[in-house]
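Remarks on the structure that follows.
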Amino acid sequence: MPAENVQKLRESYTTAILSGSAEQAQRVVNQGLAAGVIPSKLYLEVLMPAQIEIGARWHRGEVTIPQEHMATQITLREMGRLRGMLKTRLKVGLKAVVSSVEGDQHFIGAQAVADFLVVDGWDVDFLGADIPTDHMVPYAKAREAHLVCVSCSLTSLVPVAKELVAQLRKLPVPPKVMIGGAAFVNQPGLAEQVGADAYTSDPQEAVILARQICGILNPENALALFLRKLGHSVHEYRKVRGLSQQELAMSSDLDRAYISAVEHGKQNISIGAISKLAKALNLSIEELLIGANY
């Protein structure tokens, strides 16, 4: 689907949740699915930006607290629907704990990171909002977490985040720490000052960073990971388009066995072949590659 059409879906979805209409929000998501937008794209490029917009309006005083809460509940329901459509990859054998810092009631961003870590094969404990530091640290220890992801949306809570990181560092086997949230947006270096290993506000990037800081994404396996994700993207778009592997092979002027190898992440692929596949699937190269990161 062209980017402008995804933008229209995002605008329609924003209007729906702003008015508190769960039914209209569901219709918008269903329209996107019917038009061939894969669930992860709807999640990341329609639901999340719309919810961020609602939050920005709330901060400007243009949206009431009940409106913001209603929008959040609608989006959580749609996130849950789309989450059920996402396919989980092979287990990576690592444990992540995800929450918002103590005092922070916002958790949609943390929920999104948790969801995409699950899809990437992590075992994830999502604890929700406002987890006290003196409870979070022993929990991470007991669960033998390899990674702790925390969201901090208010600048007033940055010291709380810093203390949490400091306490996690004191554990006998300290987990890696990734931080996100509005408090760190447009604040270069703040995450490092807090002591975190990584920062991102993007659930897609969070998966890559999580693998990097935990030592499971290196030059040796980065290509293999990319090929697996590209294969997943080709497979999902092919299914959405209602094409068999043979039909895709014919329309892209590629061999069916080649298509099968690509979908299984076993085929090193040239940019020329990627271009052919994107054209056959009625996508831009960028859309196919972005989809590959879902």
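Residue numbers (my numbering): 945 to 1238. Backbone N, C-alpha and C define an ideal beta-carbon position, used for all residues, glycine too.
Inter-residue spacing [alpha-carbon to alpha-carbon] between residue i and residue j
i	j	result
L1233	L1227	10 Å
M1023	Y987	7 Å
E1230	A1086	42 Å
W1002	H1013	10 Å
Q1156	R1172	17 Å
S1195	N974	28 Å
L1115	D1141	15 Å
P1076	V1068	19 Å
G976	V950	8 Å
K1210	S965	45 Å
A979	Q1131	38 Å
Q1137	P1010	35 Å
A1000	W1066	31 Å
Beta-carbon proximity of residue i to residue j, cut-off 8 Å
i	j	result
Q995	T959	no
V1092	V1057	no
D1064	R1025	no
K1039	H1079	no
A1224	L1174	no
A1110	G1139	yes
D1146	S1095	no
P1119	L1112	yes
L1187	K1220	no
I1160	V1007	no
D914	R1027	With the chain represented from 945 up to 1238, any question about residue 914 goes unanswered, as that position is not in the structure.
A1154	L1030	no
Contacting residues, own chain, Cβ-Cβ under 6 Å from residue i (five flanking each side not counted)
i	result
A1015	I961 and I998
Y1143	I1123, F1128 and A1135
A1150	V1057 and T1144
Y1238	Annotation note: pLDDT 45 at Y1238 (below 50); position unreliable, coordinate value reported separately. Here the set comprises S984.
E1207	G1175, V1178 and H1179
Y927	Since the first and last residues shown for the chain are 945 and 1238, residue 927 lies out of range.
V990	L953, R954 and Y957
F1051	S1044, G1072 and A1073
Run of the beta strand (DSSP E) containing residue i, from where it starts to where it stops
i	result
G1216	Run containing G1216: none in the beta strand (DSSP E); it sits in the alpha helix (DSSP H), I1215 to A1224.
F1128	Taken as a continuous stretch (DSSP letters only), F1128 belongs to no beta strand (DSSP E), as it is neither H nor E.
F1070	D1067 to G1072
L1091	L1091 to S1095
Where the alpha helix (DSSP H) containing residue i begins and where it ends
i	result
A1150	P1147 to I1157
L988	It is not in any alpha helix (DSSP H) - L988 carries neither H nor E in the DSSP assignment.
S1043	S1043 -> not in any alpha helix (DSSP H); beta strand (DSSP E) instead, spanning K1039 to S1044.
D1078	T1077 to A1086
E1006	Note, E1006: premise wrong, no alpha helix (DSSP H); not H, not E.
Contact with chain D by residue i, beta-carbon distance below 8 Å
i	result
V1102	In the structure shown, chain D does not exist; there is a single protein chain.
Close-in-space but distant-in-sequence residues of the same chain around residue i (CB under 7 Å, 5 per side omitted)
i	result
V972	L953, S956, Y957 and A960
M992	A1056
E1088	K1039
S1097	D1048, H1050, G1125, A1126 and A1127
Neighbourhood of residue i by C-beta distance below 8 Å, restricted to the same chain and skipping five residues each side
i	result
L1071	V1041, V1042, S1043, M1080 and Y1083
A1222	S1228, I1229, E1231 and L1232
Is it true that the stretch 1122-1140 meets the stretch 1099-1110, where meeting means three or more beta-carbon pairs spaced less than 8 Å apart? yes
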